[in-house]
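Residue numbers for the sequence shown follow this note's numbering, so the first one is 29 and each next one is one higher. Even for Gly, the Cβ is constructed at its ideal location relative to N, Cα and C. All figures in this text were calculated on a predicted structure; none of them were measured in a lab. What follows is a short report on a single structure.
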Amino acid sequence: MKVSAVVTTRNSGGTLEACLLSLRAQTHPDLEVVVVDNHSGDATPEIGRRLADVFEQAGPERSRQRNLGLERGAGELLLFLDSDMVLPPPVVAEGVAAIAAGADAVIIPEVSVGDGFWARCKAFERSFYPGDDRVEAARLFRRELLARIGGFDETLTGPEDWDLTVRARAAGAAIARTATPLTHDEGHLTLRETMAAKLYYGRSMPAYIRKHPQVALGQVTPFRPAFLRHPGTLARDPVHTGGMLAMKVAESAAGLVGTVQGLWRGRA
Numbered sequence: 029m030k031v032s033a034v035v036t037t038r039n040s041g042g043t044l045e046a047c048l049l050s051l052r053a054q055t056h057p058d059l060e061v062v063v064v065d066n067h068s069g070d071a072t073p074e075i076g077r078r079l080a081d082v083f084e085q086a087g088p089e090r091s092r093q094r095n096l097g098l099e100r101g102a103g104e105l106l107l108f109l110d111s112d113m114v115l116p117p118p119v120v121a122e123g124v125a126a127i128a129a130g131a132d133a134v135i136i137p138e139v140s141v142g143d144g145f146w147a148r149c150k151a152f153e154r155s156f157y158p159g160d161d162r163v164e165a166a167r168l169f170r171r172e173l174l175a176r177i178g179g180f181d182e183t184l185t186g187p188e189d190w191d192l193t194v195r196a197r198a199a200g201a202a203i204a205r206t207a208t209p210l211t212h213d214e215g216h217l218t219l220r221e222t223m224a225a226k227l228y229y230g231r232s233m234p235a236y237i238r239k240h241p242q243v244a245l246g247q248v249t250p251f252r253p254a255f256l257r258h259p260g261t262l263a264r265d266p267v268h269t270g271g272m273l274a275m276k277v278a279e280s281a282a283g284l285v286g287t288v289q290g291l292w293r294g295r296a
């Protein structure tokens with residue numbers, strides 16, 4: 029089965045080459061790389077044109093870029109990635125095998141890497157999430173499923189992955205997981221950066237909550253049940269446990285401000 033890997037970018041020159049080279053190193057033989065760039069001002073376009081099979085530039089947001097990648101890609105299967113993700117060589121093959129075995133979509137677990145205290149706290153947080161359907165979202169889809177459920181909701185930026193997976197499940201899709209995770213490069217993450225991201229994404233949360241009120245309530249809580257299922261892990265690393273909890277409080281506060289801004293804009 030042919031896979032079209034759609035990578036969305038915006039000023040991603042620091043991470044994009046590693047992402048695309050990891051796709052070129054996949055053991056699955058039938059894979060094309062589609063880069064959809066949101067008019068970057070750095071080296072992103074040069075890297076994309078050099079290493080992708082298809083390069084497009086479009087905006088205004090990631091959901092539109094992904095839908096354009098879906099249109100431009102030729103694969104029976106679509107894989108959606110961010111430009112700061114690196115895939116070990118067997119990941120795509122594992123996903124394709126799951127699809128061949130009857131799945132309609134596949135979740136690829138994530139591990140985080142990065143420099144500095146907050147990047148380590150983010151990696152610690154992410155280590156609790158494998159297998160948690162409230163956090164993980166599918167990345168590999170049958171094209172037929174995407175056509176049936178309408179692709180990405182272009183009114184959402186941030187929760188669009190959750191939204192697509194919720195709609196896929198509601199349509200009866202069988203969702204599997206790969207055994208091998210991808211690596212998410214957080215870089216030198218700062219608390220200010222992660223709060224800014226949550227503020228920005230929070231503006232789409234009112235629309236997402238209106239679409240999926242019951243599911244969303246379990247997803248937006250800062251203190252997830254996954255933490256409580258591993259009390260020994262928390263106790264063994266009090267430094268990063270404390271940092272993770274402080275980060276979650278700060279992110280939640282920023283997300284709440286973004287949500288209020290989204291409500292205000294929706295009423296304007």
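Is it a yes or a no for the segment 163–177 touching the segment 226–243, going by three-plus beta-carbon pairs under 8 Å? no
Can you tell me whether H258 is helix, strand or coil according to DSSP? The residue given as residue 258 occupies position 230 in the sequence shown. Residue state, collapsed to three classes: coil.
Terminal residues of the continuous alpha helix (DSSP H) containing S50? The residue you call residue 50 lines up with position 22 of the sequence shown. First-last of the alpha helix (DSSP H) with S50: L44 to R52.
Within its chain, find whatever has a CB closer than 6 Å to the CB of G103; leave out the 5 residues flanking it on each side and keep chain order. Numbered from 1 along the sequence shown, position 75 holds the residue referred to as residue 103. Result list for G103: K30, V31 and S32, in chain order.
For R293, which beta-bridge partners are listed by DSSP? Sequence index remark: in the sequence shown, residue 293 carries index 265 (1-based). According to DSSP, R293 bridges with nothing at all.
Let me know if V61 comes out buried or exposed under the rule of 16 or more other beta-carbons within 10 Å of its beta-carbon. Here the question's residue 61 lines up with position 33 in the sequence shown. Buried: at least 16 other Cβ atoms inside 10 Å.
Could you tell me whether the segment 110–123 touches the segment 54–70, where touching means 3 or more Cβ pairs closer than 8 Å? yes
DSSP has T208 in a bridge; who is on the other side? Translated into the one-based positions of the sequence shown, residue 208 becomes position 180. BP columns for T208 are empty, so no partner.
Count the other CB atoms, across all protein chains shown, that sit within 10 Å of the CB of A296; report buried if there are 16 or more and exposed otherwise. Against the sequence shown, residue 296 aligns to sequence position 268. For A296, the predicted structure reports a pLDDT of 49, less than 50, and the residue's modelled location is therefore unreliable. The matter cannot be settled from this model.
Assuming G230 and G283 are in contact, meaning their beta carbons sit under 8 Å apart, how far apart are those beta carbons, in whole angstroms? To locate residue 230, count along the sequence shown from 1; it is residue 202. To locate residue 283, count along the sequence shown from 1; it is residue 255. 4 Å between Cβ atoms; contact.
Is the closest heavy atom of the ligand SAH to the C-beta of V124 under 7 Å? Annotation note on the ligand SAH: not contained in the displayed structure, which lists no ligands.
Between D189 and A165, how many whole angstroms is the CB-CB distance? I'm expecting something under 8 Å. Numbered from its first residue, the sequence shown carries residue 189 at position 161. Numbered from its first residue, the sequence shown carries residue 165 at position 137. Going by Cβ atoms, the distance from D189 to A165 rounds to 4 Å, so yes, they are a contact pair.
Just the Cα atoms here: how many angstroms apart are E153 and R197? Position 125 of the sequence shown, counting from 1, holds the residue named residue 153. Position 169 of the sequence shown, counting from 1, holds the residue named residue 197. Whole-angstrom Cα-Cα distance: 25 Å.
Nearest candidate by alpha-carbon position, reference H67, set E89, A80, S50 and L51: The residue labelled residue 67 in the question sits at position 39 within the sequence shown. Cα-wise, what sits closest to H67 is E89.
Thinking C-alpha only, which one of G130, E74, G159 and E138 is nearest R257? Taking the first residue of the sequence shown as position 1, residue 257 is located at position 229. Ranking the options by Cα distance to R257, first place goes to G159.
What's the C-alpha gap between A254 and Y157? On the sequence shown, residue 254 is found 226 positions in, with the first residue counted as 1. On the sequence shown, residue 157 is found 129 positions in, with the first residue counted as 1. Those two C-alpha atoms are separated by around 6 Å.
CA-CA distance, I75 and D65? Working through the sequence shown from its first residue, we reach residue 75 at position 47. Working through the sequence shown from its first residue, we reach residue 65 at position 37. Approximately 11 Å between the Cα atoms of the pair.
Who are V64's beta bridge partners in DSSP? Taking the sequence shown and counting its residues from 1, one reaches residue 64 at position 36. In DSSP, V64 forms a bridge with T36 and E84.
Quick one: using the 10 Å Cβ neighbour count with 16 as the cut-off for buried, is W292 buried or exposed? Counting from one through the sequence shown, the residue named residue 292 turns up at place 264. Classification of W292: exposed, given that the 10 Å Cβ count is below 16.
Span separating the alpha-carbon of Q85 from that of M113: Residue 85 sits at position 57 when you count from the first residue of the sequence shown. Residue 113 sits at position 85 when you count from the first residue of the sequence shown. C-alpha separation (whole angstroms): 20 Å.
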